[in-house]
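To start, the structure under review is shown below, and the notes come after it.
Residue numbers (mature numbering (1 follows the signal peptide of the UniProt record, and there is no 0)): -17 to -1, 1 to 308.
Here it is, written out as C-alpha cells:
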C-alpha cells in the first residue's frame, strides 16, 4: 500500500472514533483551545479527527464547514461552557473523543462517561433519570432557543426548548400548523413526532406532559399557549400557572373560577369561558381551552379546520404549547 493510501486508511480508521452530537453546532471558550489548523479546500472533519487523535491533550474539536478550520480543545464541552450556534448560523460541527467525558459533559454512549455512576442520558453524562429543557437551561442559562436532547420516561427525545425571553427552559409539547401534511386526530394528538422538532411544523409530544410536570416537587407548574401572528391578527400569549393536580392530558373541564390555575394576561370573557387545556371527546375540536368541547372557539387543535384562539372568529395558522416544571 502506498504511503498516501496508508495515511488515508489511518484517517478513516481514526475518524470512526470521533463522535458528533447531532445538531450541536458550536465552540468552546478560547481558554480551552490547544491548537488550530486550516485545511485545504478538500478538508473534512475526518482530518480534524486525525489531528485530535495525534495531539496529546485533545479531548474534542470543532470543524467550521465554511472556513475549513479545525479547533482542538482540552476538554469535552458541557451545557455550561458550550457556545452553541443558533440554527440560522450553523457552521461549526462539534465532535468529542470517546471515553473522555466527565459529569455534565457531552457524550454519545454510556462508555464515554468516565465518572463512576454516570450514564449518557440526553447526550450528557449524569446520574439523573429524567432530563428536561429546564435542566439544560439551569446548566447553561445563556444557551439559545434550539433543539436539545432530553430524557423523558426513559427515552432519549430530541426536544425544542425556549431558553430565552423569560421562558427559562420551556419544552415545546405541541405545535399545530394549518399547513401540516398529516391531519390531526385523537390518534396523533399526544404523539406526532418529527426528526427536527420546531415551531414551524406539526409536532406533538403531549404524552410526556405529566412526566415533565412531575419532574420537580413544586406545587405548581407553567403552561404557555402562543397563537402566532397572522396577516390580520397579532401574536397572543397566555401563561397558565397550574396546580400539579391538573393534567394537560385530562378530559375534565376546569374553569378559571375553580382556583386551580391562573392565567396571565386576563383575556376577554376568561372568567366565564376559559378552562384548563383538555382533551375533548368525539369532536373535530380535539384539544381546547373552551367551556364547550365541540365549539371551535378557544380551540387549540382541530381536525377539520383552523382553531379559533383565544376568541371566536380569530382563526390561527400556528398554535404552540410549552410547559416548564
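Built from N, CA and C at the ideal position, the CB exists for glycine as well.
Keep in mind that this is a model prediction, so the values were computed, not measured.
Check: Buried or exposed (CB count within 10 angstroms, at least 16 for buried), residue 293; Outcome: buried
Check: Beta-carbon proximity of residue 44 to residue 54, cut-off 8 angstroms; Outcome: yes
Check: Close Cβ partners of residue 287 (< 8 angstroms) along its chain, the five nearest in sequence each way excluded; Outcome: 267
Check: Inter-residue CB distance, residue 260 and residue 283 (contact presumed, cutoff 8 angstroms); Outcome: 6 angstroms
Check: Same chain, Cβ closer than 6 angstroms to residue 143, neighbours up to 5 away in sequence not counted; Outcome: 130, 155, 180 and 181
Check: Exposure label - residue 308; buried when at least 16 CB within 10 Å; Outcome: buried
Check: Spatially closest choice to residue 183 from 102, 124 and 164, by CA coordinates; Outcome: 164
Check: The stretch 200 to 218 in contact with the stretch 296 to 303 per 3-pair CB rule at 8 angstroms; Outcome: yes
Check: C-beta atoms of residue 230 and residue 203 nearer than 8 angstroms; Outcome: no
Check: Inter-residue spacing [alpha-carbon to alpha-carbon] between residue 263 and residue 59; Outcome: 47 angstroms
Check: N- and C-terminal bounds of the alpha helix (DSSP H) containing residue 34; Outcome: 28 to 37
Check: Three-way DSSP call (helix, strand, coil) for residue 58 in this model; Outcome: coil
Check: Alpha-carbon to alpha-carbon, residue 105 and residue 302; Outcome: 27 angstroms
Check: Element boundaries [alpha helix (DSSP H), containing residue 158]; Outcome: Counting along the chain, residue 158 falls outside any alpha helix (DSSP H), though it belongs to the beta strand (DSSP E) covering 153 to 160.
Check: Under the three-state DSSP convention, the category residue 127 falls into; Outcome: coil
Check: Residue 224 - partner residues in DSSP beta bridges; Outcome: 205 and 245
Check: Nearest-angstrom Cα separation, counted from residue 100 out to residue 254; Outcome: 50 angstroms
Check: 8 angstroms contact criterion, which residue 108 and residue 85 should meet: CB distance rounded; Outcome: 7 angstroms
Check: Under 8 angstroms between C-beta atoms of residue 75 and residue 9; Outcome: yes
Check: Nearest neighbour of residue 46, chosen from 172, 79 and 115 [CA to CA]; Outcome: 79
Check: Of the listed residues 289, 256 and 265, nearest to residue 273 (C-alpha basis); Outcome: 256
Check: Length-filtered (4 minimum) alpha helix (DSSP H) runs lying within the stretch 62 to 126; Outcome: 116 to 122
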